[in-house]
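Protein sequence lines, in the order shown, are assigned to chains Z and D. Taken in order, the first sequence gives residues 4 to 118; the numbers are from the working numbering. Taken in order, the second sequence gives residues 643 to 754; the numbers are from the working numbering. Just so it is clear, CB atoms sit at the ideal spot from N, CA and C, and this is done for glycine as well. If you're wondering where the values come from, they're calculated on a predicted model, not measured in any experiment.
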Amino acid sequence: KAGVTQTPRYLIKTRGQQVTLSCSPISGHRSVSWYQQTPGQGLQFLFEYFSETQRNKGNFPGRFSGRQFSNSRSEMNVSTLELGDSALYLCASSLPGTGTGNTIYFGEGSWLTVV
Amino acid sequence: DQQVKQNSPSLSVQEGRISILNCDYTNSMFDYFLWYKKYPAEGPTFLISISSIKDKNEDGRFTVFLNKSAKHLSLHIVPSQPGDSAVYFCAASASGTYKYIFGTGTRLKVLA
Chain Z
4 KAGVTQTPRY
14 LIKTRGQQVT
24 LSCSPISGHR
34 SVSWYQQTPG
44 QGLQFLFEYF
54 SETQRNKGNF
64 PGRFSGRQFS
74 NSRSEMNVST
84 LELGDSALYL
94 CASSLPGTGT
104 GNTIYFGEGS
114 WLTVV
Chain D
643 DQQVKQNSPS
653 LSVQEGRISI
663 LNCDYTNSMF
673 DYFLWYKKYP
683 AEGPTFLISI
693 SSIKDKNEDG
703 RFTVFLNKSA
713 KHLSLHIVPS
723 QPGDSAVYFC
733 AASASGTYKY
743 IFGTGTRLKV
753 LA
């Protein structure tokens, strides 16, 4: 069974540009969540989607957005990039559930460098 | 406000001995906990979970203990192997929030 797939794996962008990251969940998983990991920090929750609906959003500015498609694939977008957005962006998927007791499985991540 | 804390940034253990990684939390609403292992340049790999209705869960060399009154959980790895050298994260979630709060990680080094 294929795991969570994230593309691209590595990318370099310039301040002020925007970026779109893509995530394909494990087959059958309908919940997709996104996390940001910066050097020295733990993973910070960005948002979670289930059946194309955002169910929760973390403490990030509005420049960070996401969406989920009917096939459960998800994208996140960061507009007007800042140097501080340089991070590893991780996508995770889980089986449908009530929001508790669901183990989330991560992809390899997308490394974003903003210069 | 750090709701999930891993107070030991690093830990070194001899091969074959027990590794104990600790995690403390402050939110009494957390009812599901996960442990992950992470190698550099890779995504976190799920290790083991525990629900708040249990106080112990075991999976091979990995055992997680939960002390709800102390708001503390620990991951035991026995016996430790050099391949266990990685950063370990604990994560906690509360029902209906659809998100996990992660600790900042503990770097485990298993010495051969």
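> For D:Tyr674, which option in D:Lys713, D:Lys751, D:Ser722, D:Pro721 has the closest C-alpha, if you only look at C-alpha atoms?
Replying inline: Within the second sequence, numbered from 1, the residue matching residue 674 of chain D stands at position 32. Among D:Lys713, D:Lys751, D:Ser722, D:Pro721, the Cα nearest to that of D:Tyr674 belongs to D:Lys713.
> With a Cβ-Cβ cutoff of 8 Å, do D:Val646 and D:Leu753 count as a contact?
Replying inline: For the purposes of this step, residue 646 of chain D is taken as residue 4 along the second sequence, with counting starting at 1. For the purposes of this step, residue 753 of chain D is taken as residue 111 along the second sequence, with counting starting at 1. By the CB criterion at 8 Å, D:Val646 and D:Leu753 fall outside the cutoff.
> Which residue spans inside the stretch 4-77 of chain Z form an unbroken beta strand (DSSP E) run of at least 3?
Replying inline: Fully enclosed beta strand (DSSP E) runs of 3 or longer: 8-10, 13-16, 22-27, 34-40, 46-53, 56-60, 67-71.
>> Whole angstroms are fine: how far does the CA of Z:Asn74 sit from the CA of D:Glu657?
In response: Translated into the one-based positions of the second sequence, residue 657 of chain D becomes position 15. Translated into the one-based positions of the first sequence, residue 74 of chain Z becomes position 71. So the alpha carbons of these two residues sit roughly 45 Å apart.
>> Just list the residues that DSSP pairs D:Asn699 with in beta bridges.
In response: Counting from 1 along the second sequence, the entry for residue 699 of chain D is found at position 57. Paired residue(s): D:Val706.
> Between the stretch 21-36 of chain Z and the stretch 701-711 of chain D, do three or more beta carbon pairs fall short of 8 Å?
Replying inline: No: fewer than three Cβ pairs fall under 8 Å.
>> Which of the three DSSP states is assigned to D:Leu689 in this structure?
In response: The sequence position of residue 689 of chain D within the second sequence is 47, counting from 1. Of the three classes helix, strand and coil, the one that applies to D:Leu689 here is strand, per DSSP.
> Under three-state DSSP, which class holds D:Leu601?
Replying inline: Since the displayed chain D opens at 643 and closes at 754, residue 601 of chain D lies outside it and no answer follows.
>> So for D:Leu753, helix, strand or coil by DSSP?
In response: Looking up residue 753 of chain D in the second sequence gives position 111. Note: D:Leu753 maps to strand in three-state DSSP.
> With which residues is Z:Met79 paired in a DSSP beta bridge?
Replying inline: Within the first sequence, residue 79 of chain Z is the residue found at index 76, counting from 1. Answer is Z:Leu24, Z:Gly69, bridged to Z:Met79.
> Does any C-beta atom of chain Z lie closer than 8 Å to the C-beta of D:Pro686?
Replying inline: Your numbering for residue 686 of chain D matches position 44 in the second sequence. For D:Pro686, the answer is yes, since a Cβ of chain Z falls inside 8 Å of its Cβ.
>> By the DSSP assignment, the beta strand (DSSP E) with Z:Ala90 in it spans what residues?
In response: What you label residue 90 of chain Z is simply residue 87 of the first sequence in a count that begins at 1. Under the DSSP assignment, Z:Ala90 falls in the beta strand (DSSP E) whose first and last residues are 90-97.
> Can you tell me the Cα-Cα spacing of Z:His32 and Z:Thr56, whole angstroms?
Replying inline: Locating residue 32 of chain Z in the first sequence gives position 29, where the first residue counts as 1. Locating residue 56 of chain Z in the first sequence gives position 53, where the first residue counts as 1. Cα to Cα, Z:His32 sits roughly 14 Å from Z:Thr56.
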